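Under the numbering used here, the residues of the sequence shown are numbered 1073 to 1453, in order.
All C-beta atoms in this analysis are idealised placements derived from N, C-alpha and C, irrespective of residue type, glycine included.
Keep in mind that this is a model prediction, so the values were computed, not measured.
Notes to accompany the following structure.
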Amino acid sequence: MSIRILGIESSCDETAAAIVADGRDILSSVVASQMDIHRKYGGVVPELASREHLRQIVPVVREALAQAGLSFTEIDAIGVTQGPGLVGSLLVGVTYGKVLALELGKPLVPVNHLEGHVHAVFLESHIAGITPELPAVCLIVSGGHTLLYQVQPRSENGNLSSRGFLYRRLGGTRDDAAGEAYDKVARLLALGYPGGPVIDQLAARAAASGAPPNSKDGLSFGPVKIKGNPYDFSFSGIKTAVLYYLREHPEFEGEIEARRLALQQGRRKASDLLPLCSPETLSLISNFQSAVVHDLVTRTLAAAAETGARTILVSGGVAANSALRDAFASKSAPLGLNVFFPSRALSTDNAAMIAAAAYPHLLAGEVASSDLNAEPNLRIA
Ligand code: KG4
Ligand code: ZN
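What follows is the structure in structure tokens.
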């Protein structure tokens, strides 16, 4: 008999529920995104996020059960994101999970959201029938996080999904997360929210059209210099460089205004915005993306070399970036490293990864008591 866990995720701006069997087979996964609500503010508004989670949590859980063809009583346990995240958002999931567990008489497993992102990679590789070798280095790169961990098996027994992992923190961002830098640069250039997917597509189209990155005339970014830990990141300087560059070059104002108008009219696809971007803007976007990708890849590969990793795992919203995927693929192969990414759906916040992460903790008896609380600053190492 398989063990079926209902995962619940509400740490940021996605209300999600999923059912995963034995920590690796996704029976259903439902994500209600709040993007349309936060878009006009250019970022997540915590008060609006928790209110929306309250509205969505019950229908999203019901939908996850319906898609899996299961009833509440056929669930063996509930896994819920305890942190890190926005306290008001986390509280909705934690409170709902606690009430549900009590009502059903099922165990409740508190899950670290970051550990969920690590498990997302293993869920994906299970679908592909591949087993990533450990030890690995995992880069978690999203709108809220840019973190590097060493990942090792926690137990020698069982298959990968039941063993659980041990983590050692190697580094993290000292200021903005990489996804936050994408979102802030997109905001400065009036490219909409979230910024990552549009910048990704515009940079790809600029490259496909043969427009080379204009490193001589436009804004170019040198390598990010950081004193101390070589596995730390810093992206606020890149964002500030874009801000100052735009202030010094008023010639960008006209097209920025034109794009703002397009966004207000709901024309926010890359194909809508591309004709409204000058070659100079496309060059700036490409250079920005190259700088971020180069920094993420270089530090991750260095960490992999130093820790003797066999594998690189990349997870979180920015893991969907095509330039990042290409760069990791081309630079890790000559070093004999395998690199794994989740699909787009498993890269961004979802509850399947929470249910998968809950499984080894359930097997180890690590269940919550009735005083479980949300932990906005929870760490895994
Ligand atoms: O993991 P996620 O859904 O939420 C958290 O922040 O936890 O990540 C969202 C972030 C946003 O900052 C978004 O701009 C970025 O991931 N993102 C991307 C891409 N798709 C999403 N960044 C770069 N390229 C992409 N294709
Ligand atoms: Zn996340």
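- F1324: not part of any beta strand (DSSP E); DSSP gives it neither H nor E.
- CA-to-CA, the gap between F1237 and A1377 works out to about 20 angstroms.
- In this chain, V1223 is not harboured by any alpha helix (DSSP H); it is covered by the beta strand (DSSP E) spanning 1218-1225.
- Listed by position along the chain, the residues with Cβ atoms less than 5 angstroms from a non-hydrogen atom of ligand 2 are S1214, D1421.
- Ligand 1 approaches C1084 closely enough that one of its heavy atoms is under 6 angstroms from the residue's Cβ.
- Using a 10 angstroms sphere on the CB of G1388, the tally of other CB atoms reaches 16 or more, which defines it as buried.
- The beta carbon of A1436 sits closer than 6 angstroms to none of the beta carbons in its chain outside the five residues before and after it.
- Taking C-alpha positions only, L1434 is separated from A1149 by approximately 8 angstroms.
- Excluding five sequence positions before and after E1187, the CB atoms of its chain that fall closer than 7 angstroms to its own CB belong to A1429, I1452, given in chain order.
- Distance from the CA atom of S1281 to the CA atom of P1414, rounded to whole angstroms, is 28 angstroms.
- If the five residues before and after G1157 are omitted, its C-beta is found closer than 7 angstroms to the C-beta atoms of S1083, C1084, H1185, P1448, all from its own chain and listed in chain order.
- Excluding sequence positions up to five before and after E1196, its CB lies within less than 8 angstroms of the CB of F1412, F1413, P1414, S1415, L1418, all in the same chain and listed in chain order.
- The alpha carbon of V1270 has as its nearest neighbour, out of E1323, R1339, S1161, the alpha carbon of R1339.
- The beta-bridge partner set that DSSP reports for P1351 is empty.
- Distances from the CB of P1118 to the heavy atoms of ligand 1 are all 6 angstroms or more.
- For E1124, the uninterrupted alpha helix (DSSP H) segment begins and ends at 1118-1140.
- Note that the C-beta distance between A1427 and I1077 is below 7 angstroms.
- For V1213 and T1420, the gap between their C-alpha atoms comes out near 10 angstroms.
- Going by C-alpha positions, P1351 is about 16 angstroms away from D1272.
- Checking the DSSP bridge columns, you'll see E1378 has no partner listed.
- Fully contained in the region 1202-1261 are the following beta strand (DSSP E) runs of length 3 or more, in chain order: 1208-1213, 1218-1225, 1237-1244.
- Listed in chain order, the alpha helix (DSSP H) elements of length 4 or more contained wholly in the region 1383-1432 are 1394-1404, 1416-1419.
- The nearest non-hydrogen atom of ligand 1 is less than 6 angstroms from the C-beta of G1268.
- Relative to D1304, the option among L1219, L1354, L1174, L1385 whose CA is nearest is L1219.
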